[in-house]
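Counting from 1185, one number per residue, gives the positions in the sequence shown under this note's numbering. Glycine residues also receive a C-beta, built at the ideal position from the N, C-alpha and C atoms.
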Amino acid sequence: MIIRGKNNGRGALEDVLESIPLMYLIFDSYGTLLEMDDFYGRLQRNFAQFGAHFPPDVIKRAAHAEMRHYMKGARLANCLGSWNNLRRDCALILENAIREQGHSIELAPEQVMEILSDSVVYQPFPGVKATLSDLKKRGLRLGVLSNWDFKLKHALEDAEILPFFDFALSSAQVGVEKPAREFFEKGFALARRFQPNLGRKECFYIGDHYEKDVLGARQAGLSPLWLVRDARDIASGEIHEAERDDVPKLKSLRDLLRLFPNSLQNR
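In structure tokens:
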């Protein structure tokens, strides 16, 4: 279902899209294309394999602390050395967060790093592969622009969706992250390599975070599409009165097939 703001009439967006000869779709990755596969459960089971048993709520709170640290440092992890440093720091944050909840942990730092690394497994959301395949069949060119470390392409490759995209650009490669305009400018420049006559309004950015994705794309002159799968995505925009924004909202990436129903090759 495509949800429009109160200023959007029935079929208005689709009518506009029908008249555009060239279009390009750039996607966010985590929360839009990819999700973590049972991260908390994997952590708990992997710790147990080393004889360390912790309740689910302890694991979850510690994992939240680790993820916050990762998100702050991902932009700086632009090579193998800095990436390994970030992994080491994240493992230490995880270990300390468990101790701070009153639990002892008698494992070497390398073991905690191994546990954490083995627990981070990304998978595409249901329907993502089929949607990307259908968009490609309709002649649309696709890219990825995401706040991620330098291993973004590896994550997309492991999820078996990398071949759908012309490029996958991470914040670590650029040195800035969303919602910075510079980051979106870099993505638009890459899109124009494949669609040289592409205009900014014909370049659509699809993401699940209101502040980082919708507002970031908009300030760079791109056309945002906000993926709102559930209340977590709405919460990303509460302070910006996001629900009153007339940005087109997608309940699923499959909604893109309704926005872009015809093959561009036949225009």
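Sort the options by Cα distance to residue i and report the nearest one.
{"i": "Leu-1260", "options": "Leu-1437, Val-1360, Val-1296, Gln-1307", "result": "Val-1360"}
{"i": "Gln-1307", "options": "Leu-1382, Ala-1339, His-1393", "result": "Ala-1339"}
{"i": "Val-1296", "options": "Phe-1231, Cys-1263, Ile-1345, Phe-1351", "result": "Phe-1231"}
{"i": "Ile-1345", "options": "Ala-1364, Gly-1371, Ala-1373, Pro-1310", "result": "Pro-1310"}
{"i": "Arg-1413", "options": "Gln-1228, Ala-1401, Leu-1437, Glu-1250", "result": "Leu-1437"}
{"i": "Gly-1265", "options": "Arg-1376, Lys-1335, Val-1398, Leu-1441", "result": "Lys-1335"}
{"i": "Arg-1226", "options": "Ser-1303, Asp-1333, Leu-1218", "result": "Ser-1303"}
{"i": "Leu-1316", "options": "Glu-1386, Leu-1217, Phe-1351, Phe-1367", "result": "Leu-1217"}
{"i": "Ile-1289", "options": "Leu-1206, Gly-1323, Ala-1246, Asn-1331", "result": "Ala-1246"}
{"i": "Asp-1430", "options": "Pro-1363, Trp-1410, Ser-1301", "result": "Trp-1410"}
{"i": "Leu-1270", "options": "Ile-1299, Gly-1257, Arg-1322, Asn-1280", "result": "Gly-1257"}
{"i": "Asp-1439", "options": "Pro-1380, Asp-1342, Ile-1390", "result": "Ile-1390"}
{"i": "Ile-1277", "options": "Met-1251, Glu-1341, Gln-1357, Ile-1210", "result": "Met-1251"}
{"i": "Arg-1211", "options": "Ser-1354, Glu-1294, Asp-1342, Val-1305", "result": "Here residue 1211 is Phe; the residue named in the question, Arg, does not match the sequence. Comparing Cα positions, the closest option is Ser-1354."}
{"i": "Leu-1206", "options": "Leu-1441, Asn-1446, Leu-1382, Lys-1433", "result": "Leu-1382"}
{"i": "Ala-1275", "options": "Trp-1267, Pro-1380, Leu-1300", "result": "Leu-1300"}
{"i": "Met-1255", "options": "Asp-1392, Lys-1362, Phe-1444", "result": "Lys-1362"}
{"i": "Trp-1267", "options": "Ala-1314, Asp-1342, Trp-1332", "result": "Trp-1332"}
{"i": "Pro-1445", "options": "Asp-1318, Asp-1342, Lys-1337", "result": "Asp-1318"}
{"i": "Arg-1365", "options": "Lys-1435, Leu-1329, Glu-1341", "result": "Leu-1329"}
{"i": "Asn-1484", "options": "Arg-1442, Lys-1337, Asp-1342", "result": "Residue 1484 falls outside the range modelled here, since the chain spans only 1185 to 1451, and no answer is possible."}
Using three-state DSSP, classify residue i as helix, strand or coil.
{"i": "Glu-1279", "result": "helix"}
{"i": "Asp-1417", "result": "Because the pLDDT at Asp-1417 is just 49, under 50, the model does not fix this residue reliably, and the point stays unresolved."}
{"i": "Arg-1532", "result": "The structure shown does not extend to residue 1532, since the chain is modelled only from 1185 through 1451, so no value can be given for it."}
{"i": "Val-1398", "result": "helix"}
{"i": "Ser-1301", "result": "helix"}
{"i": "Lys-1362", "result": "coil"}
{"i": "Glu-1341", "result": "helix"}
{"i": "Ala-1314", "result": "helix"}
{"i": "Cys-1453", "result": "Because residue 1453 is not part of the residues shown, which for the chain are 1185 to 1451, the question remains open."}
{"i": "His-1424", "result": "The pLDDT assigned to His-1424 is 49, lower than 50, so where the model puts this residue is not dependable; a value taken from the coordinates is nonetheless given after this. DSSP places His-1424 in helix when its eight states are reduced to three."}
{"i": "Arg-1322", "result": "coil"}
{"i": "Ser-1288", "result": "coil"}
{"i": "Gly-1235", "result": "coil"}
{"i": "Asn-1381", "result": "coil"}
{"i": "Asn-1262", "result": "coil"}
{"i": "Asn-1453", "result": "In the structure as shown, the chain begins at 1185 and stops at 1451. Residue 1453 is therefore absent and cannot be evaluated."}
Looking at the secondary structure, which residues open and close the beta strand (DSSP E) in which residue i lies?
{"i": "Glu-1159", "result": "Past the edges of the chain, shown from 1185 to 1451, lies residue 1159, and the structure says nothing about it."}
{"i": "Glu-1219", "result": "1218-1220"}
{"i": "Phe-1211", "result": "1208-1211"}
Identify the residues that DSSP records as bridge partners of residue i: which are they?
{"i": "Ala-1352", "result": "Val-1328"}
{"i": "Ile-1390", "result": "Phe-1211, Leu-1409"}
{"i": "Gln-1307", "result": "Glu-1219"}
Return the chain-ordered list of same chain residues with a C-beta closer than 6 angstroms to the C-beta of residue i, the five sequence neighbours on each side being excluded.
{"i": "Arg-1384", "result": "Gly-1405, Leu-1406"}
{"i": "Arg-1402", "result": "Pro-1408"}
{"i": "Cys-1387", "result": "Tyr-1208, Phe-1372, Ala-1375, Leu-1406"}
{"i": "Val-1358", "result": "Phe-1367, Lys-1370"}
{"i": "Asp-1221", "result": "Val-1305, Gln-1307"}
Could you pull the start and end residues of the alpha helix (DSSP H) that residue i belongs to?
{"i": "Phe-1367", "result": "1365-1378"}
{"i": "Arg-1442", "result": "1440-1443"}
Kindly list the residues whose CB is nearer than 8 angstroms to the CB of residue i, restricted to its own chain and excluding five residues on each side of it in sequence; keep chain order.
{"i": "Lys-1320", "result": "Leu-1326, Phe-1348"}
{"i": "Gln-1285", "result": "Val-1242, Arg-1245, Ala-1246"}
{"i": "His-1424", "result": "Summary for His-1424: the model assigns pLDDT 49, below 50, so the residue's position carries little reliability; its value from the coordinates is reported in the next sentence. Counting only Cβ-Cβ distances below 8 angstroms, and skipping sequence neighbours, we find Tyr-1394, Glu-1395, Leu-1399."}
Kindly list the residues whose CB is nearer than 7 angstroms to the CB of residue i, restricted to its own chain and excluding five residues on each side of it in sequence; keep chain order.
{"i": "Leu-1291", "result": "Phe-1234, Ala-1236"}
{"i": "Pro-1240", "result": "Tyr-1224, Gln-1228"}
{"i": "Phe-1238", "result": "Gln-1228, Phe-1231, Ile-1282, His-1287"}
{"i": "Phe-1350", "result": "As written in the sequence, residue 1350 is Asp, which differs from the Phe given in the question. The residues are Arg-1325, Leu-1326, Gly-1327, Phe-1378."}
Comparing the C-beta of residue i with each C-beta of chain C, is any distance below 8 angstroms?
{"i": "Ala-1373", "result": "In the structure shown, chain C does not exist; there is a single protein chain."}
Relative to the ligand MN, is the shortest distance from any of its heavy atoms to the C-beta of residue i smaller than 7 angstroms?
{"i": "Ala-1292", "result": "With respect to small molecules bound, the structure shown includes none, and the ligand MN cannot be examined in it."}
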